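Chemist: Just dropping this structure here.
Protein chains: 2
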Amino acid sequence: MIQSEIKTGFQKAKMLEAARRLFWEKGYNATSMRDIAVSYGCRPANIYNFFSDKEEILFEVLREEMEQIIIPIKHLEEDDGSSPIEQLKFIIQSHLKVTLSYRRSAKLLFDVALDSLSPDKRKTIIDLRDDYDRIIRKVIRRGMDAGYFPEMDVKLAGFMIASMITRTRIWFHPKKGVSVNELADFISKFAFHGLDGSSTGSYEKLLSRTLHTRSGGNKR
Amino acid sequence: MIQSEIKTGFQKAKMLEAARRLFWEKGYNATSMRDIAVSYGCRPANIYNFFSDKEEILFEVLREEMEQIIIPIKHLEEDDGSSPIEQLKFIIQSHLKVTLSYRRSAKLLFDVALDSLSPDKRKTIIDLRDDYDRIIRKVIRRGMDAGYFPEMDVKLAGFMIASMITRTRIWFHPKKGVSVNELADFISKFAFHGLDGSSTGSYEKLLSRTLHTRSGGNKR
DNA sequence: AGTAGATTAATGGTCGTTCATTCATAGTAT
DNA sequence: ATACTATGAATGAACGACCATTAATCTACT
Chain E
3 MIQSEIKTGF QKAKMLEAAR RLFWEKGYNA TSMRDIAVSY GCRPANIYNF FSDKEEILFE
63 VLREEMEQII IPIKHLEEDD GSSPIEQLKF IIQSHLKVTL SYRRSAKLLF DVALDSLSPD
123 KRKTIIDLRD DYDRIIRKVI RRGMDAGYFP EMDVKLAGFM IASMITRTRI WFHPKKGVSV
183 NELADFISKF AFHGLDGSST GSYEKLLSRT LHTRSGGNKR
Chain Z
3 MIQSEIKTGF QKAKMLEAAR RLFWEKGYNA TSMRDIAVSY GCRPANIYNF FSDKEEILFE
63 VLREEMEQII IPIKHLEEDD GSSPIEQLKF IIQSHLKVTL SYRRSAKLLF DVALDSLSPD
123 KRKTIIDLRD DYDRIIRKVI RRGMDAGYFP EMDVKLAGFM IASMITRTRI WFHPKKGVSV
183 NELADFISKF AFHGLDGSST GSYEKLLSRT LHTRSGGNKR
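Here the protein sequences come in this chain order: E and Z. When we follow this note's numbering, the leftmost residue of the first sequence carries the number 3, and every step to the right adds one. When we follow this note's numbering, the leftmost residue of the second sequence carries the number 3, and every step to the right adds one.
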């Protein structure tokens, strides 16, 4: 009884692990019950001894991951007296680690669709994306060389800015809240100053001075 | 000849428009040729008069959007003498507008998968996501009330930070480049100071005060 | 004997795609 | 203007493959 329950839970977990990997690799719709069965090592019909249908598998995968994000930070909803700075740092770190621990060859819509393209066409699209990356990195590097920003990882900085923009697709609704222009202003400010705001930023300080460039030197 | 060519291009564009909307609404795999045909107003077979197969439709949709992102900023690859700050602002604004103009009920992997859930299960997942949003917003608000950050839109700030984290799924590769911990540090710094870096941020200033640590000379 | 787990086979459905055919229009020769 | 021809566009039907799911049956262990 107990043994069989343990065994059941174990097999269910292993099925979930196979499904989770496939969902992130190929997407939910593109993953068939056959795929999961092959990956786990059984016949498709056997999966129905543990899950009522495909949807329940997806539900378990999503719930499991969300809980891994929520649980470590749940206690921060009520202030425990520690520094908010450290709390925020902890949230970022915790969320990031869960996000990355589940990641395999994870992709999102645009990126999942890329896999459905033939190699040559996929290359065309990826080249365009590389164009964009190269441009925004050059601009950031230029700003550093001109002394607007301190030295930092240009690739990462570019990723941050692009991420904030790309993700607006998820949560932005034009009806309620900010407008597109207001949002663009906010993202610009946030990219330059982050949560610090604009009062102490080097952009404003450099603007108020007469421009004298600090020789940054090394370009890459 | 000329008339028929114009007509052809027009119908092809209208088919693309229908396909693009469906792809963003339901995802590529979940969109059938029958769906596109119904949305456009023809039989499935007729689509093959304009596109060789389904993949070519996806390719055109993706290429069209990428080009709308690249073209307006292409000229910035070679410096035109204007301020890098303004250039970066322009890139952000341009990218954002294209991103949002193509958006309808756009979603990404996690969000597309949500649509495949039954309403009650979807609510469970969304409630968890709302938990996360509420928590990070409370922490940011707490930091503002404590004087760490100036007043700003808490919702947006939360979205920015979550976006930078979530998007790491796309581009992060553990083998080459930064480690997970280094990346977490970078995101934290970027969230607090943005491109300005940490030298002039209110975090360090307040930290040296509040926690009574030695006021280190890391200001330049 | 009873039960959970695994298998084989089959269900009805939808998928992308192809096919032969027809319709509508435009160009050309008479 | 009339008739023939070429071509793009649209059609209904069908193909084979794969889908999620189920039913009946078998196996192995308690």
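Idealized CB from N, CA, C, for every residue including glycine. Since the structure is predicted, the reported quantities are computational estimates derived from the model, not experimental observations.
According to the Cβ coordinates, are G145(Z) and P86(E) closer than 8 Å?
Modeler: Counted from its first residue, the second sequence places residue 145(Z) at position 143. Counted from its first residue, the first sequence places residue 86(E) at position 84. Against a cut-off of 8 Å, the Cβ pair of P86(E) and G145(Z) comes out as a contact.
Chemist: Would you say A148(Z) reaches chain E, if we count a Cβ-Cβ gap shorter than 8 Å as a contact?
Modeler: Sequence index remark: in the second sequence, residue 148(Z) carries index 146 (1-based). Chain E contact via Cβ: present.
Chemist: Can you list, in chain order, the residues of its chain with a C-beta nearer than 7 Å to that of P46(Z)? Leave out the 5 residues immediately preceding and following it.
Modeler: Position 44 of the second sequence, counted from the first residue, corresponds to residue 46(Z). Only M35, R36 and A39 meet the Cβ criterion.
Chemist: Taking its Cβ as the centre, do 16 or more other Cβ atoms sit within 10 Å of A186(E), making it buried, or is it exposed?
Modeler: The residue labelled residue 186(E) in the question sits at position 184 within the first sequence. Looking at its Cβ environment, which holds 16 or more other Cβ atoms inside 10 Å, A186(E) is buried.
Chemist: Does the distance from the C-beta atom of L90(E) to that of I142(Z) stay below 8 Å?
Modeler: Taking the first sequence and counting its residues from 1, the one referred to as residue 90(E) is at position 88. Taking the second sequence and counting its residues from 1, the one referred to as residue 142(Z) is at position 140. Yes, Cβ-Cβ distance for L90(E) and I142(Z) is below 8 Å.
Chemist: Hey, does N225(Z) have any beta-carbon neighbour from chain E nearer than 8 Å?
Modeler: The question about residue 225(Z) has no answer, for chain Z in this structure spans 3 to 222.
Chemist: Measure the beta-carbon distance from L130(Z) to I72(E) and round it to whole angstroms, keeping in mind my assumption that it falls under 8 Å.
Modeler: Sequence index remark: in the second sequence, residue 130(Z) carries index 128 (1-based). Sequence index remark: in the first sequence, residue 72(E) carries index 70 (1-based). Right, the Cβ-Cβ distance comes to about 6 Å (below 8 Å), so this counts as a contact.
Chemist: Could you tell me whether any Cβ in chain Z is nearer than 8 Å to the Cβ of S190(E)?
Modeler: Within the first sequence, the letter at position 188 stands for residue 190(E). So, interface residue.
Chemist: Suppose contacts are defined by Cβ-Cβ distances below 8 Å. Is V182(Z) in contact with L102(E) by that definition?
Modeler: Taking the second sequence and counting its residues from 1, one reaches residue 182(Z) at position 180. Taking the first sequence and counting its residues from 1, one reaches residue 102(E) at position 100. Yes.
Chemist: By DSSP, does M68(Z) sit in helix, in strand, or in coil?
Modeler: Here residue 68(Z) refers to the residue found at position 66 when the second sequence is read from its first residue. Helix.
Chemist: Tell me whether I128(Z), by its Cβ, gets closer than 7 Å to a heavy atom of the ligand FMN.
Modeler: The model on display carries no ligand, and the ligand FMN is accordingly not part of it.
Chemist: If you drop the 5 nearest sequence neighbours on each side, which residues of the same chain put their C-beta closer than 8 Å to that of L24(E)?
Modeler: Along the first sequence, one-based indexing puts residue 24(E) at 22. Here the set comprises T33, D37, I38 and S41.
Chemist: At the 8 Å Cβ level, is E79(E) part of the contact set with chain Z, yes or no?
Modeler: As a first step, residue 79(E) is located in the first sequence; it is residue number 77 there, counting from the start. Judged by the 8 Å Cβ criterion, E79(E) is in contact with chain Z.
Chemist: If you reduce the DSSP assignment to three classes, tell me which class P152(E) lands in.
Modeler: In the first sequence, counting from the first residue as 1, residue 152(E) sits at position 150. P152(E): coil per DSSP, three-state reduction.
Chemist: Are I128(E) and L78(Z) closer than 8 Å when you measure CB to CB?
Modeler: For this step, residue 128(E) is matched to residue 126 along the first sequence. For this step, residue 78(Z) is matched to residue 76 along the second sequence. In this structure, L78(Z) does not lie closer than 8 Å to I128(E) by Cβ.
Chemist: Determine the direct distance from the alpha carbon of A148(E) to that of D198(Z), and round the result to whole angstroms.
Modeler: Position 196 of the second sequence, counting from 1, holds the residue named residue 198(Z). Position 146 of the first sequence, counting from 1, holds the residue named residue 148(E). Distance between the alpha carbons of D198(Z) and A148(E) is about 13 Å.
Chemist: Quick one: is I73(Z) near chain E, going by C-beta distance under 8 Å?
Modeler: Within the second sequence, the letter at position 71 stands for residue 73(Z). Cβ-Cβ to chain E under 8 Å: no for I73(Z).
Chemist: Would you check if the distance between the CB atom of N31(E) and the CB atom of N31(Z) is smaller than 8 Å?
Modeler: If you number the first sequence from 1, residue 31(E) lands on position 29. If you number the second sequence from 1, residue 31(Z) lands on position 29. For N31(E) and N31(Z), yes; Cβs fall inside 8 Å.
Chemist: For N31(Z), which of helix, strand or coil comes out of DSSP?
Modeler: The residue labelled residue 31(Z) in the question sits at position 29 within the second sequence. Correct three-state label for N31(Z): coil.
Chemist: May I ask you to list, following chain order, the residues of the region 82-99 of chain Z that have a beta carbon less than 8 Å from some beta carbon of chain E?
Modeler: Listed by position, the residues of the region 82-99 of chain Z near chain E (Cβ gap below 8 Å) are P86, I87, Q89, L90, K91, I93, I94, Q95, H97, L98 and K99.
Chemist: With K177(Z) as the anchor, note down where its alpha helix (DSSP H) starts and where it stops.
Modeler: Here residue 177(Z) refers to the residue found at position 175 of the second sequence. Element bounds for K177(Z): n/a, residue is neither H nor E.
Chemist: Going by C-alpha to C-alpha distance, which of S84(Z), E69(Z), E80(Z) and G83(Z) sits closest to H97(Z)?
Modeler: Your numbering for residue 97(Z) matches position 95 in the second sequence. Answer by Cα proximity: E69(Z).
Chemist: So for N1(Z), helix, strand or coil by DSSP?
Modeler: Because chain Z is modelled from 3 through 222, residue 1(Z) falls outside the range shown and cannot be assessed.
Chemist: Would you verify that the beta carbon of K125(Z) is, or is not, closer than 8 Å to some beta carbon of chain E?
Modeler: For the purposes of this step, residue 125(Z) is taken as the residue at position 123 of the second sequence. No, K125(Z) lies away from the interface with chain E (no Cβ there is under 8 Å from its Cβ).
Chemist: Straight-line CA distance for E58(Z) to G11(E)?
Modeler: For the purposes of this step, residue 58(Z) is identified with residue 56 of the second sequence, where counting begins at 1. For the purposes of this step, residue 11(E) is identified with residue 9 of the first sequence, where counting begins at 1. For E58(Z) and G11(E), the distance between alpha carbons rounds to 44 Å.
Chemist: Within the 8 Å Cβ cut-off, does F151(Z) reach chain E?
Modeler: Here residue 151(Z) corresponds to residue number 149 of the second sequence, with the count starting at 1. Closer than 8 Å to some Cβ of chain E, the Cβ of F151(Z) qualifies, so yes.
Chemist: With 8 Å set as the bound, which would you pick, yes or no: does the beta-carbon of G199(Z) sit closer than that to a beta-carbon of chain E?
Modeler: By one-based count along the second sequence, residue 199(Z) stands at place 197. Judged by the 8 Å Cβ criterion, G199(Z) is in contact with chain E.
Chemist: Assuming S190(E) contacts S165(Z) under a Cβ cut-off of 8 Å, what Cβ separation, rounded to an integer in Å, is found between them?
Modeler: Indexing the first sequence from 1 puts residue 190(E) at position 188. Indexing the second sequence from 1 puts residue 165(Z) at position 163. Not really, about 15 Å apart at Cβ, beyond 8 Å.
Chemist: Give me the Cα-Cα distance between F92(E) and L18(Z), rounded to the nearest whole angstrom.
Modeler: To locate residue 92(E), count along the first sequence from 1; it is residue 90. To locate residue 18(Z), count along the second sequence from 1; it is residue 16. In a straight line, the C-alpha of F92(E) is about 45 Å away from that of L18(Z).
Chemist: Counting only beta-carbon atoms, is Y50(E) nearer than 8 Å to chain Z?
Modeler: Your numbering for residue 50(E) matches position 48 in the first sequence. Not closer than 8 Å to any Cβ of chain Z, the Cβ of Y50(E) fails to qualify, so no.
Chemist: Can you tell me where the alpha helix (DSSP H) with R169(E) in it begins and where it stops?
Modeler: For this step, residue 169(E) is matched to residue 167 along the first sequence. That residue, R169(E), is in no alpha helix (DSSP H); it is neither H nor E in DSSP.
Chemist: Does the beta-carbon distance from F52(E) to L158(Z) come in below 8 Å?
Modeler: Counting from one through the first sequence, the residue named residue 52(E) turns up at place 50. Counting from one through the second sequence, the residue named residue 158(Z) turns up at place 156. No, they are not a contact pair.
Chemist: Does chain E have any CB closer than 8 Å to the CB of S54(Z)?
Modeler: Against the second sequence, residue 54(Z) aligns to sequence position 52. Closer than 8 Å: no.
Chemist: Is the CB of A20(Z) under 8 Å away from at least one CB in chain E?
Modeler: Position 18 of the second sequence, counted from the start, is the residue given in the question as residue 20(Z). No, because no Cβ of chain E sits closer than 8 Å to the Cβ of A20(Z).
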